[in-house]
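Sequence order for the protein chains is A and B.
Read in our numbering, the first sequence has 81 at position 81, and its numbers run on one by one without any break.
Read in our numbering, the second sequence has 319 at position 319, and its numbers run on one by one without any break.
Ideal placement from N, C-alpha and C gives every residue a C-beta, glycine not left out.
Read the structure below first, then the notes.
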Amino acid sequence: MKFHLKVWRQKDANAPGTLENYEADNIPADASFLEMLDIVNAGLTGKNIEPIQFDSDCREGICGSCSLTINGVPHGPGRGTTCQVYMRKFKDGDTITIEPFRAEAFPVQRDLVVNRSAFDRVIQAGGYISERCGSAPDANSVPISKVIADEAMDAAACIGCGACAAACPNGSAMLFVSAKVTHLGLLPQGKPENGRRVLGMVRQMDEEGFGNCSNYYACEAVCPASVPAAFIGRMNREFTAASVKEIVGMNV
Amino acid sequence: MTPDAHIPAGPLDEKWTTYKNNAKLVSPANKRKFDIIIVGSGLAGASAASTLAEQGYNVKCFCYQDSPRRAHSIAAQGGINAAKNYQNDGDSAYRLFYDTIKGGDFRAREANVHRLAEVSNHIIDQCVAQGVPFAREYGGLLDNRSFGGAQVSRTFYARGQTGQQLLLGAYAGLSHQIAKGAVKMYPKTEMLDLVLIDGHAKGIVVRDLTTGEISSHAGDAVLLCSGGYGNVFYLSTNARGCNVTATFRAYKRGAFFANPCFTQIHPTCIPVSGDYQSKLTLMSESLRNDGRIWAPKRKEDCGKDPSQIPDDARDYFLERKYPSYGNLAPRDISSRSAKEVCDEGRGVGPGGLGVYLDFSDAIKRLGRKTIEERYGNLFEMYQNITGENAYERPMRIYPAVHYTMGGLWVDYNLMSNIPGLHVLGEANFSDHGANRLGASALMQGLADGYFVIPYTLGNYMTSQFGKKVDPKHPAFAKTIEETKARVQKLLDIKGNRTVDSFHRELGLIMWDYCGMARSEEGLNLAIDKIQKLRTEFWKNLKILGTPDGINMELERAGRVADFLEFGELMCRDALMRNESCGGHFRTEYQTPEGEALRNDDEYAFVAAWEYQGENQLPTLNKEPLVYEKVKLATRSYK
Ligand SMILES: Cc1cc2nc3c(=O)[nH]c(=O)nc-3n(C[C@H](O)[C@H](O)[C@H](O)COP(=O)(O)OP(=O)(O)OC[C@H]3O[C@@H](n4cnc5c(N)ncnc54)[C@H](O)[C@@H]3O)c2cc1C
Ligand code: SF4
Ligand code: FES
Chain A
1 MKFHLKVWRQ KDANAPGTLE NYEADNIPAD ASFLEMLDIV NAGLTGKNIE PIQFDSDCRE
61 GICGSCSLTI NGVPHGPGRG TTCQVYMRKF KDGDTITIEP FRAEAFPVQR DLVVNRSAFD
121 RVIQAGGYIS ERCGSAPDAN SVPISKVIAD EAMDAAACIG CGACAAACPN GSAMLFVSAK
181 VTHLGLLPQG KPENGRRVLG MVRQMDEEGF GNCSNYYACE AVCPASVPAA FIGRMNREFT
241 AASVKEIVGM NV
Chain B
1 MTPDAHIPAG PLDEKWTTYK NNAKLVSPAN KRKFDIIIVG SGLAGASAAS TLAEQGYNVK
61 CFCYQDSPRR AHSIAAQGGI NAAKNYQNDG DSAYRLFYDT IKGGDFRARE ANVHRLAEVS
121 NHIIDQCVAQ GVPFAREYGG LLDNRSFGGA QVSRTFYARG QTGQQLLLGA YAGLSHQIAK
181 GAVKMYPKTE MLDLVLIDGH AKGIVVRDLT TGEISSHAGD AVLLCSGGYG NVFYLSTNAR
241 GCNVTATFRA YKRGAFFANP CFTQIHPTCI PVSGDYQSKL TLMSESLRND GRIWAPKRKE
301 DCGKDPSQIP DDARDYFLER KYPSYGNLAP RDISSRSAKE VCDEGRGVGP GGLGVYLDFS
361 DAIKRLGRKT IEERYGNLFE MYQNITGENA YERPMRIYPA VHYTMGGLWV DYNLMSNIPG
421 LHVLGEANFS DHGANRLGAS ALMQGLADGY FVIPYTLGNY MTSQFGKKVD PKHPAFAKTI
481 EETKARVQKL LDIKGNRTVD SFHRELGLIM WDYCGMARSE EGLNLAIDKI QKLRTEFWKN
541 LKILGTPDGI NMELERAGRV ADFLEFGELM CRDALMRNES CGGHFRTEYQ TPEGEALRND
601 DEYAFVAAWE YQGENQLPTL NKEPLVYEKV KLATRSYK
């Protein structure tokens, strides 16, 4: 197959970027999108053009490293991650525009590489259960209904890729944050810290420059882990409850 | 020289308790004075970092990804073992210990494996307390599944994303400690060398992958938790960035590399489809619980649609050869059987390199919904990659490189022969012998980090009071200069070939001669080819750009340069070991039925290789494997 690529090239975080045109020739239909870029990069190296820089690691849809916006859509066509897009999804001769994930809180570092450390800081602000290694009771001492465990797992499946924030017109990270708040908040082990957690994480999210949610649901549509937007409503309720407690001077 | 494993005295099942009762303790006030460097944020690294920080140590943790949450452990699908016996099917720590030793074909160290089995239950408790959403039964209790090489159901899982959930649990703990200031995290920072002072590991040299800056970090101890080296084969189920650099650099500084040729080829992966491919995708072993593996009995049927091949024309070869374990035979055996079938010309799919994994019986028995619940995401992944629907047509699978049992040599304290240098997780060699059982790597990584190193590190630390190194010690500047020179040298070659083309070629050599079947002749040939390829690499590599800023080809070039040396070490190890055991199959040493033929009289030892300098042959140190409890037996899964 053959494609015309328009690829975002940017020297470093401070340089301006532009879309450059490249041709992708002789691409097998079974190649993944990133393998297509590998082939293009080998060609560029041959022509003494510095290869396109992009993040990837597992290349099987679970690590959350890959982060390309393909034809305007974070992760491109289909439900999965960038690395799980296969070239057979495109038509021979298509023009494909490739940009980095775009969100105010994810500055571009070079070409298609963005800095998503804001997500780590949001987790550090409360996305955990405080427990000490070695002090846990027997794993079966607290039964958890299958329904709750399954729903917690739906939320825990978030891969932290950032597509939700990149897709959101406001650059909001609500889906990501609500996934963690829901995962831990549903489980009996997480409940004692629910209030502190949601306050901490939401405030950090704001501080990082992520926007607000105005119910576009663009996040849900691109989320490779199928995290449902309904979790955002759940988080908002928890946040309101915890804020009220805080305002009246109760311990959260 | 015989490396001393420092195994505590006493009966096997009391060693760990005795050890803990007598272990040297470091007081909280003193822990605060120690800086611990941890390379890696996978299960081993993240669990060690958070636990040691919780105990009071100052921790610096490094990883090459942009977030510690993305370490390769995230990709583990199937599950984690523990001897909880929640299924009441007769499991016990002893059985888990025995299965692991036997699965490893009697090439692992008894005392370490027993300890692993003993602490396995705590891991599950710890993970549940962290909020890991393991699968549950309707009654609310934890569910289990079976994995290869065991006749009990002891594997805990979280859908098809067990590694992800365990890693996110450890990452949450790590994040908590980062927030408290007890851990300083350095993502996108790659360790390129180890700094020794007076023979002790006292720091590392790293490259900031964003700015390109090369700097050093001093510490009172160094923990390498840098994962496995399966990518020496180029194509593997490992993440693209997995490398041998951290451990190989330590080897070049004097750490022994143990059993490098022990690699695991996983039986159920999606077959290779072309030479553009950058990685292979695993289909979790858990599929073998419900899927039946077969190939056509007759070559002529291979091209047919599988639905047109009647049952009596199918060879369910694992069930036929190993009736008591059937499709759950251990990985090395299952992989080799698939290879044999394909070598006989009975393989299916492109190039005849594939066998079927068929769910039609299970779907009939349990209904499509149950199968969907158990493996839905794996079926989706398969369809996405191959374009085929496995509910309607059997999956095609073929073995692929998956895990490396070899690694840096460590003693019972998880310390290498370099004082202060500790090695955890897949990066060490200690627990899986010549073959690892499914769902045991996650167990080992977390055991090492949560429950072993927090007790054993004190042994070294108590010897280090008042011995803090000066970060201005000349050894740091010297190692930084050496590292900078190496990086520059790669850029200065200015040849014509891309780094990936060298890596791919090395991978093919390794796969052909040091993969599922090895022979003296082939290994000698491979060593010759690798040496030539290495020479060409240093003459003809082409890397554009500068050392400053993001340059991923440069990162990869450094890793491939190490693989090009390491591959030779693997072949030498395989050549030295004149026997077949576990994943190491030497064609000269097999039984008449084609099973691995071990030679316990001469090879019941750990091969610990010692670096002797550029272009010198490494020397072999042997740690004899003494079995106190287990009787060496021919492994039978019939
Ligand atoms: C697809 C797949 C599925 C698997 N499924 C299972 C399963 O179901 N059950 C099971 O028990 N096991 C499974 N395994 C094996 C298991 O996942 C691994 O053995 C285990 O997770 C390794 O953990 P680790 O912490 O040792 O290393 P890793 O998770 O590989 O972590 C390595 C860390 O070291 C860092 N690092 C590496 N080199 C450097 C360097 N030079 N400088 C700085 N940082 C560095 C990395 O950034 C990373 O943080 C699977 C493996 C694969 C590939
Ligand atoms: S919620 Fe979905 S889109 Fe957002 S980070 Fe998580 S996996 Fe990615
Ligand atoms: S590279 Fe890991 S999710 Fe795409």
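Which of helix, strand or coil DSSP assigns to residue i
i              : result
D431 (chain B) : coil
V200 (chain A) : Going by the sequence as given, residue 200 (chain A) is Gly instead of Val. If DSSP states are grouped into helix, strand and coil, G200 (chain A) belongs with the helices.
D279 (chain B) : Note that residue 279 (chain B) corresponds to Lys in the displayed sequence, not to Asp. Here K279 (chain B) sits in coil by DSSP.
N26 (chain A)  : coil
D315 (chain B) : strand
H217 (chain B) : strand
T211 (chain B) : coil
H200 (chain B) : strand
D35 (chain B)  : strand
Q264 (chain B) : strand
R635 (chain B) : coil
A250 (chain B) : helix
R132 (chain A) : coil
H640 (chain B) : There is no way to answer for residue 640 (chain B), as the model of chain B reaches only from 1 to 638.
T18 (chain A)  : strand
I7 (chain B)   : coil
Q488 (chain B) : helix
V348 (chain B) : coil
Continuous beta strand (DSSP E) stretch holding residue i: start and end
i              : result
L556 (chain B) : In the sequence on display, residue 556 (chain B) carries Arg and not Leu. Counting along the chain, R556 (chain B) falls outside any beta strand (DSSP E), though it belongs to the alpha helix (DSSP H) covering 552 to 576.
Q10 (chain A)  : 3 to 10
D358 (chain B) : 355 to 358
N58 (chain B)  : 58 to 62
R292 (chain B) : 292 to 296
F605 (chain B) : 605 to 610
M185 (chain B) : 183 to 186
Distance between beta carbons of residue j and residue i, contact taken as under 8 Å
i              : j              : result
I96 (chain A)  : N71 (chain A)  : 6 Å
A167 (chain A) : P100 (chain A) : Not quite, the Cβ-Cβ distance comes to about 13 Å (not below 8 Å), so this is no contact.
I159 (chain A) : P77 (chain A)  : The pair is not a contact, with the Cβ atoms about 18 Å apart (cut-off 8 Å).
K11 (chain A)  : R110 (chain A) : 7 Å
L575 (chain B) : F257 (chain B) : About 15 Å; that fails the 8 Å criterion.
C581 (chain B) : R107 (chain B) : 6 Å
G567 (chain B) : M516 (chain B) : About 16 Å; that fails the 8 Å criterion.
A179 (chain A) : F231 (chain A) : 6 Å
N540 (chain B) : R497 (chain B) : 5 Å
A173 (chain A) : V108 (chain A) : Rounded, the Cβ-Cβ distance is 17 Å, inconsistent with contact.
T182 (chain A) : M250 (chain A) : No, T182 (chain A) and M250 (chain A) are not in contact; Cβ-Cβ is about 23 Å, not under 8 Å.
A434 (chain B) : G104 (chain B) : 6 Å
Segment limits, alpha helix (DSSP H) that includes residue i
i              : result
Q130 (chain B) : 110 to 130
Q164 (chain B) : 162 to 179
K532 (chain B) : 520 to 540
H183 (chain A) : 174 to 186
K622 (chain B) : K622 (chain B) -> not in any alpha helix (DSSP H); beta strand (DSSP E) instead, spanning 619 to 624.
F684 (chain B) : Outside the shown range of chain B (1 to 638) lies residue 684 (chain B), about which nothing can therefore be said.
A53 (chain B)  : 43 to 55
R164 (chain A) : Going by the sequence as given, residue 164 (chain A) is Cys instead of Arg. From DSSP, the alpha helix (DSSP H) with C164 (chain A) extends over 163 to 167.
H503 (chain B) : 499 to 514
E340 (chain B) : 331 to 343
C219 (chain A) : 218 to 222
M235 (chain A) : 230 to 247
V147 (chain A) : 146 to 156
Within-9 Å CB hit, residue i to chain C
i              : result
M153 (chain A) : The displayed structure is made up of protein chains A and B, and chain C is not among them.
Alpha helix (DSSP H) segments (min. 4 residues) lying fully within the region 394 to 446 of chain B:
441 to 446
What are the start and end residues of each continuous alpha helix (DSSP H) run of 4 or more residues lying completely inside the region 39 to 126 of chain A, in chain order?
117 to 124
Using the beta carbon as the reference atom, which residues fall closer than 6 Å to any heavy atom of ligand 3, ordered along the chain?
A:S56, A:D57, A:C58, A:R59, A:G61, A:I62, A:C63, A:G64, A:S65, A:C66, A:T81, A:T82, A:C83
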